[in-house]
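For any residue, its number in the numbering used here is found by taking its place in the sequence shown, counting from 1, and adding 24.
Below is one structure, written out as structure tokens, with a few remarks after it.
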Amino acid sequence: MNRASRCSRRRWLHLARTGWHRSRWIVKPASRRRRRLSHPGWRESVSVGRCSISTPPSASPGVCEAVDGEAWPLASVTIAALTALGPRGWGGAAVQFCRVRSVAEAVDELSRWGTEGRILAGGTDVMPQYLRGEQSPAALIDISGIDGLQGISEVGGVTSIGALVTMRRLATASLISVRHPALCEAAGAVGAWQTQTVATLGGNICTAAATADTLPALLIADAQLTLVSKSGRRRIGLEDFLAGSGATALRPTELLRAVELEPLGERSSEGYLKVARRSAMDLAVVGLALRLDVAPSGVIDGVRIAMCGGDQSAHRVPAAESALLGTRLSDDPGAFGEVGAVLADAVGPAALPEAQYRRRVLPGLFDRLARRCAGEIAGAGA
């Protein structure tokens, strides 16, 4: 390992020890000299560990003025990054930051800002886009402090998950691991554990990335979304909510409040597997979720298959579901190969430039997942 690599490694180890991963966003480390930004308008430099950030001259010493006029401490990387590092900050017109404590307040701010406002939850997608200049909202509405969006509960056999529940919590919650193992596996496959501790389920859904790990697991659980606005609330299925890569049916004034999932039956099994360029901390090249429901006679009487990475957004594959429906677990396992071929055909043109590779790996991925689910059902019935 050369000297530069050793220095870089020591720098990131220092950040890990000083708690940089508990910040809501990762800010690139500054040089060892902690040089001030050369922009003449910057007045104050703040350092957290080896992360240097600056505050604009419009801010009072040590505070940042929120949208509602309330002053918030400038001690966290969160607010400093918002006011200093964004593309509007370099031009002198910093983004407005509004921290809300209730769903009602969040809805009021969304109604006020409309298309100019962006919801901020974990920030793992919004902040990188904002700092790169890909997004230039007039206001960022921080909903991370709303306790009512952070619960996991089961009422009447339906699992309800708040929009602010993190990936890490989904991956470790006992209710999710028992009732929705595919979602548990998918949440544990999202990035590294640092990302999982801040990334939220609601953010993953509303970002609607084509390779989002949690979306296939939610689709096979027939996820129903509850959206709220000043005009009331509405429910919509996730399948209808997704409208392409990064596109959804969410209106500018709406907030995702909760996700409701249909739990597994007594003779059911489900799971999630993905193929990535490496075995950890990487986006899915293709991901696959499967739910099997088996009758006491051994006939598969319920099938749900969903994939991500195969088109503009995650989607179910009805043709593959029909090919597996009505078969028996004791039948020739070669039937799994036929379904895998149908899945390969379902890869759309939007999957380029790796569409051919996705088609090649999907049959094997499905075979592994189907055998595992079938084995779990057979073992439970023994």
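Built from N, CA and C at the ideal position, the CB exists for glycine as well.
Computed from a prediction, not measured in an experiment: that's the story for all the values here.
In the pairwise beta carbon analysis, the region 266-285 is classified as not touching the region 304-321: fewer than three pairs are separated by under 8 Å. Using a 10 angstroms sphere on the CB of G147, the tally of other CB atoms reaches 16 or more, which defines it as buried.
Inclusion of E133 and I165 in the CB contact set at 7 Å is warranted, their separation being smaller than that value.
DSSP places V202 within a helical segment (H, G or I) once states are collapsed to three. The C-beta separation of T221 from R192 comes to about 5 Å, placing the pair in contact by the 8 Å criterion. Every alpha helix (DSSP H) stretch that sits fully inside the region 233-257 and reaches 4 residues is listed by chain position as 238-244. Look at E345 here: in three-state DSSP terms it is helix. Put simply, the backbone Cα of D391 is about 34 Å away from that of L188.
Listed in chain order, the alpha helix (DSSP H) runs fully inside the region 148-199 are 150-155, 191-196, counting runs of at least 4 residues. The C-beta distance from I401 to R291 rounds to 6 Å, short enough to meet the 8 Å contact threshold. Checking the DSSP bridge columns, you'll see Y296 partnered with A313. In this model, P205 and G295 are separated by some 6 Å (Cα to Cα).
With respect to the 7 Å criterion, G322 and R352 are classified as neighbours on the basis of their beta carbons. Bounds of any beta strand (DSSP E) do not take in V127; it lies within the alpha helix (DSSP H) bounded by 127-137. Among the bridge pairs identified by DSSP, L393 is matched with none.
One thing to note: V371 has its Cβ within 7 Å of the Cβ of R383. Note: T231 is not bridge-paired with any residue in the DSSP secondary-structure output. Taking the Cα positions, S201 is about 21 Å away from L262.
Taking S135 as the centre and dropping the five residues before and after it, the same chain places the C-beta of S253, K254, T277 closer than 8 Å to its C-beta, in chain order.
One Cα belongs to V299, the other to G334, and the distance between them is close to 12 Å.
Assigned with DSSP and collapsed to three states, D335 falls in coil, not helix or strand. For V124, the secondary structure class from DSSP, reduced to helix, strand or coil, is coil. With distances taken between CA atoms, A236 lies nearest to L207 out of R257, L207, D264. A distance below 7 Å separates the beta carbons of I176 and A197. DSSP, reduced to helix, strand and coil, places D306 outside both helices and strands of the structure shown, so it counts as coil. Residue state for V363 is assigned as helix, using DSSP reduced to three classes. In chain order, A343, A344, A347 place their CB closer than 6 Å to the CB of V366, counting only its own chain and leaving out the 5 sequence neighbours on each side.
Taking C-alpha positions only, R340 is separated from R258 by approximately 23 Å. If you look at L262, you'll find it in the alpha helix (DSSP H) that goes 262-265.
DSSP places V283 in the uninterrupted beta strand (DSSP E) bounded by 279-285. Assignment of V323 by DSSP, reduced to helix, strand and coil, places it in the strand class. By the 16-neighbour rule on beta-carbons within 10 angstroms, T190 is buried. Going by beta carbons, G212 and A233 fall outside the 7 Å limit. Less than 7 Å divides the Cβ of T183 from the Cβ of R203.
Between the C-alpha atoms of W217 and G256 there is a straight-line separation of about 36 Å. Across the set C230, L288, I324, M331, the C-alpha of C230 shows the shortest separation from the C-alpha of V150.
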